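Peer 1: The structure that follows is given in the form of structure tokens.
Residue numbers (my numbering), protein chains in the order written: chain A, 370 to 484; chain B, 11 to 125.
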């Protein structure tokens with residue numbers, strides 16, 4: 370158990386809908402990261418938040434947005450869903466920001482299926 | 011642009027035999043290098059990482075990896091595999107000294123262990 374909690378574990382929805390994925394980082398970790406794992410694109414970095422502020426952005430679509438709340442949990446919002454958004458969405462956390470400041474711990478992922 | 015190549019999509023190895031997983035990267039400078047393992051239904055777990063120094067890195071679960079600058083490679087090895095090593099393995103790179111954890115992952119190698 371990495372200490373990173375993601376909900377829901379599985380989600381099935383229809384095209385055009387909106388969903389919210391939730392992540393609770395490890396206790397004490399200030400950074401939260403979102404990664405997408407899909408069959409065609411592999412594992413891709415989406416976005417990082419550090420202590421409530423956006424720190425880095427990757428290949429995140431404009432239909433997707435995220436935020437980190439004062440209690441440090443994070444939510445990834447996916448809207449106008451398309452079939453291609455079906456993927457496993459991982460949240461990860463680290464103590465601070467930067468690869469040389471500590472290990473990245475991954476949650477078990479939220480599997481999104483868009484029908 | 012940085013890229014990570016894992017040439018082997020699938021490797022089958024007998025229990026007790028040695029294992030080597032290949033990873034090649036394309037990067038402007040020597041990146042930070044990582045190997046992660048993903049067991050079925052689980053998140054990614056860090057096996058080992060290389061930032062600088064000794065090019066032979068020891069990790070958890072008996073794994074080691076060797077950084078070869080001349081070959082832009084970071085291959086993962088284990089002398090004797092156990093059935094529990096059956097999983098998917100990902101090589102990843104990240105920009106050195108960066109203030110984030112924006113990793114680029116390879117496509118992964120699935121390891122099957124036969125009795």
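Heads up, the beta-carbon is just placed ideally off N, CA and C, and yes, glycines get one too.
Note that the structure is a prediction, hence the values are computed from the model and not measured.
Count the other C-beta atoms from every protein chain shown that fall within 10 angstroms of the C-beta of residue 38/B, then say buried if there are 16 or more, exposed otherwise.
Peer 2: Position 28 of the second chain, counted from the start, is the residue given in the question as residue 38/B. By the neighbour-count rule (16 or more Cβ atoms within 10 Å), residue 38/B is not buried but exposed.
Peer 1: Looking at the structure shown, is residue 78/B part of a helix, part of a strand, or coil, going by DSSP?
Peer 2: Within the second chain, the letter at position 68 stands for residue 78/B. Strand at residue 78/B.
Peer 1: For a contact defined as C-beta to C-beta under 9 Å, what are the partners of residue 459/A on chain B?
Peer 2: In the first chain, counting from the first residue as 1, residue 459/A sits at position 90. In chain order: 53 and 54.
Peer 1: Quick check on this structure: which residue in 46/B, 54/B, 112/B and 26/B has the alpha carbon closest to the alpha carbon of residue 426/A?
Peer 2: In the first chain, the residue the question calls residue 426/A occupies position 57. Comparing Cα-Cα distances from residue 426/A to each of 46/B, 54/B, 112/B and 26/B, the minimum goes to 112/B.
Peer 1: Just how far apart, CA to CA, sit residue 417/A and residue 65/B?
Peer 2: As a position in the first chain, residue 417/A is number 48, starting the count at 1. As a position in the second chain, residue 65/B is number 55, starting the count at 1. Looking at the two C-alpha atoms, the distance is approximately 29 Å.
Peer 1: Taking a contact to mean a Cβ-Cβ separation below 9 Å, would you say residue 386/A touches residue 477/A in this structure?
Peer 2: For this step, residue 386/A is matched to residue 17 along the first chain. For this step, residue 477/A is matched to residue 108 along the first chain. No.
Peer 1: Where does residue 71/B sit, in a helix, a strand or coil, going by DSSP?
Peer 2: Residue numbering aside, residue 71/B sits at position 61 when the second chain is read from its first letter. Note: residue 71/B maps to helix in three-state DSSP.
Peer 1: Counting pairs of beta carbons, one from the region 390-406 of chain A and one from the region 456-475 of chain A, are three or more of them closer than 8 Å?
Peer 2: With the cut-off at 8 Å, the region 390-406 of chain A and the region 456-475 of chain A touch.
Peer 1: Which residue comes first and which comes last in the beta strand (DSSP E) that contains residue 420/A?
Peer 2: The residue given as residue 420/A occupies position 51 in the first chain. Run containing residue 420/A: none; DSSP gives neither H nor E here.
Peer 1: Which one of 437/A, 428/A, 446/A and 397/A has the shortest CA to CA distance from residue 474/A?
Peer 2: By 1-based counting over the first chain, the position of residue 474/A is 105. Among 437/A, 428/A, 446/A and 397/A, the Cα nearest to that of residue 474/A is on 397/A.
Peer 1: Can you give me the Cβ contacts of residue 379/A inside the same chain, cut-off strictly under 7 Å, excluding the 5 residues immediately before and after it?
Peer 2: Working through the first chain from its first residue, we reach residue 379/A at position 10. Once the five neighbours on either side are set aside, the close Cβ partners of residue 379/A are 480.
Peer 1: DSSP state of residue 114/B, grouped into three classes?
Peer 2: As a position in the second chain, residue 114/B is number 104, starting the count at 1. In the structure shown, residue 114/B sits in a strand (DSSP, three-state: E or B).
Peer 1: Assess contact between the region 16-27 of chain B and the region 66-74 of chain B, defined as three or more Cβ pairs (one per stretch) separated by less than 8 Å. Is contact present?
Peer 2: Cβ pair count under 8 Å is below three, so no.
Peer 1: Please list, in chain order, the chain A residues whose beta carbon lies closer than 8 Å to that of residue 117/B.
Peer 2: For the purposes of this step, residue 117/B is taken as the residue at position 107 of the second chain. Neighbours of residue 117/B on chain A, chain order: 411.
Peer 1: When DSSP labels each residue in this structure, what does residue 562/A get in the three-state scheme?
Peer 2: With chain A represented from 370 up to 484, any question about residue 562/A goes unanswered, as that position is not in the structure.
Peer 1: List the residues of chain B whose Cβ lies closer than 9 Å to the Cβ of residue 407/A, in chain order.
Peer 2: Within the first chain, residue 407/A is the residue found at index 38, counting from 1. Result: empty, since nearest Cβ-Cβ is about 11 Å, beyond 9 Å.
Peer 1: Taking beta-carbon pairs under 7 Å, can you tell me which members of the region 378-398 of chain A lie near chain B?
Peer 2: The residues in question: there are none.
Peer 1: Determine the closest residue to residue 422/A out of 412/A, 435/A, 470/A and 430/A, with distance taken between C-alpha atoms.
Peer 2: By 1-based counting over the first chain, the position of residue 422/A is 53. When each option's Cα is compared against that of residue 422/A, the closest is 435/A.
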